[in-house]
Amino acid sequence: MTESKSEDTQARGKILLADDSKVVRLTATKILSEQFDLVVVEDGEEAWEKICADESIHVIFTDLGMPKLDGYGLIQRIRQSENEGIRNQPIIVITGAADEEDVKRKVFELGATDFISKPFKSAELVARAEAHASYRRDKVNLQKSADIDLLTGTLNRNGINQQLKKDLSFANRHGENMAVIIFELDDFKTLYQRIGEAAANRIIKQTATKMLSAIRSEDSVGRYGFEKFIAILPMAKTEGVVILAKRLCEQIKSFKITIGGEAISISMSAGISTVRKGSPATIKELVHSAEQALVNAKKVGSGEVQILKLETAQLAEAAVTISIDRLLEAIAAGKPEMAKNQIASALHQLAPLIALMSKEQKQHLLSGNEP
């Protein structure tokens, strides 16, 4: 019964409509409900919850001026999602804004697929829904049968999982080394909001190209999330893996992309997980270890590389050294949040030095005066 209902939804197409106007919701429901399964919500936050919970949605229609989360914020969340299916959803903006051209420019920069002005015509609404639902169905079916991320040409999530199974099975069976590196473009979601989808995609594509040209023929690269990549390195020695990760992070830091006459600088951090010969591991352990190493790297600062080694099936947790100089640089650069997040770790690191200070020196430190 469930399978039949799913097939019926696939055939009809499912539309999500987010609009705080009761009139618009009722009108759209009357127009679309005969041909599509319709999910209707009143604000962007509720829309986001539905999108995350229902993978069968084919097209999203959204208003811009909504409570809790507006249409701009909803578009950003969708386009920055770690979930590949959500990230690629068609988004059609419906609005009656007076400054229509400026609004169009902004929503298209954020990643909207299409635009309809209010008041809309029935035929136009149905035509857009049919076109985008049909395209979405075809794209989803293609992605299910493929292992490649369409934007970057690297492996998608399905391809990553298949490659990890294959390489880790070989490593465990033959007692070989294996490593995984997870890379993340630093503060990229903030940059995305400033430069828009097209420019962000250019950076993501160039990053993928750098990675593909740097790895060995037996290695694999996949798009692991919105701003994340994963490198799968069978039979790789730890020293070589660390060198590769650092070299790629340096290359990303060194190249600049010009957008609208502005030179954009970016950086990338990396977390490495390694398994040595004779230490069987699972995919979950290997990937989780790399993710934790990435968290550690980001604690140290932008563009850093950290490693965790799986000597057994248990994760070997590593201590993270906080760079006080980097924290001071972050404060000077107008990025106090990074320093605030690391205060506890920094104080723990400085504890032996603080213990040597005299009472007078501590008072001077707290007052902010020179001793």
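Start counting the sequence shown at 869; every next residue gets the next number (my numbering).
All C-beta atoms in this analysis are idealised placements derived from N, C-alpha and C, irrespective of residue type, glycine included.
For residue 1141, no alpha helix (DSSP H) run applies; the uninterrupted beta strand (DSSP E) run containing it begins and ends at 1136 to 1143, by DSSP.
Taking all protein chains in view, the Cβ of residue 1028 is crowded by 16 or more other Cβ atoms within 10 Å, so the residue is classified as buried. With at least 16 other beta carbons inside 10 angstroms of its own, residue 1172 counts as buried. Comparing alpha-carbon positions, the option among 1008, 902, 908 lying closest to residue 952 turns out to be 1008. Of the residues assessed, residue 1229 falls on the exposed side of the cut-off, its CB having fewer than 16 other CB atoms within 10 angstroms. Between residue 1004 and residue 958, the gap from beta carbon to beta carbon is short of 7 Å. Residue 987 sits in coil when the DSSP states are folded into three classes, being neither helix nor strand. In the three-state reduction of the DSSP assignment, residue 1022 falls in the coil class, being assigned neither a helical nor a strand state. Put simply, the backbone Cα of residue 1127 is about 16 Å away from that of residue 973. Assignment of residue 902 by DSSP, reduced to helix, strand and coil, places it in the coil class. For the beta strand (DSSP E) assignment, the uninterrupted runs of no fewer than 3 residues enclosed by the region 926 to 962 are, from N- to C-terminal side, 927 to 930.
Burial of residue 1157 is indicated by the presence of at least 16 other C-beta atoms within 10 angstroms of its C-beta.
Counting along the chain, residue 1058 sits inside the alpha helix (DSSP H) bounded by residues 1056 to 1063.
Looking at the DSSP output, residue 1170 bridges to nothing.
With a 10 Å radius around the Cβ and a threshold of 16 neighbouring Cβ atoms, residue 1115 comes out exposed.
Counting C-beta atoms within 10 angstroms of its own C-beta, residue 1023 has 16 or more neighbours from the protein chains shown and is therefore classed as buried. When secondary structure is reduced to three states using DSSP, residue 1085 falls in the coil class, being assigned neither helix nor strand.
Just measuring C-alpha positions, the residue of 1112, 1099, 1165 sitting nearest residue 1155 is 1099. For residue 1106, the uninterrupted alpha helix (DSSP H) segment begins and ends at 1106 to 1122. Residue 1166 sits buried, since 16 or more C-beta atoms from the chains shown fall within 10 Å of its C-beta.
If you draw a 10 Å sphere on the C-beta of residue 970, you find fewer than 16 other C-beta atoms in it, and that means exposed. A straight-line Cα-Cα distance of about 11 Å links residue 1108 and residue 1084. Boundaries cannot be given for residue 1094, as no alpha helix (DSSP H) includes it and DSSP labels it neither H nor E. Excluding sequence positions up to five before and after residue 913, its CB lies within less than 6 Å of the CB of 936, 937, all in the same chain and listed in chain order. The beta-carbon separation of residue 997 and residue 904, rounded to 6 Å, stays under the 8 Å limit for a contact. Taking residue 900 as reference, the option from 1140, 946, 988 with the minimal CA-CA separation is 988. If you check the CB distance, residue 979 and residue 926 do not come in under 7 Å.
Nearest to residue 1082 by alpha-carbon distance, out of 1118, 1068, 907, 1096, is 1118. Measuring C-alpha to C-alpha distances from residue 1021 to each of 898, 1073, 1061 identifies 1073 as the nearest. Shown here for residue 1032: same chain residues with a beta carbon closer than 7 Å to its own, the five before and five after excluded, namely 1100, 1151 in chain order. If the five residues before and after residue 1092 are omitted, its C-beta is found closer than 7 Å to the C-beta atoms of 1028, 1050, 1098, all from its own chain and listed in chain order.
Per DSSP, reduced to three states, the secondary structure at residue 1027 is helical. By a beta-carbon distance limit of 8 Å, residue 1094 contacts residue 949. Their separation comes to about 6 Å. The beta carbon of residue 1120 is closer than 7 Å to those of 1075, 1078, 1134, 1135, 1136 in its chain, skipping five residues each way along the sequence. For residue 886, the enclosing beta strand (DSSP E) stretches over residues 882 to 886. Collapsing the DSSP output to three states places residue 1047 in a strand.
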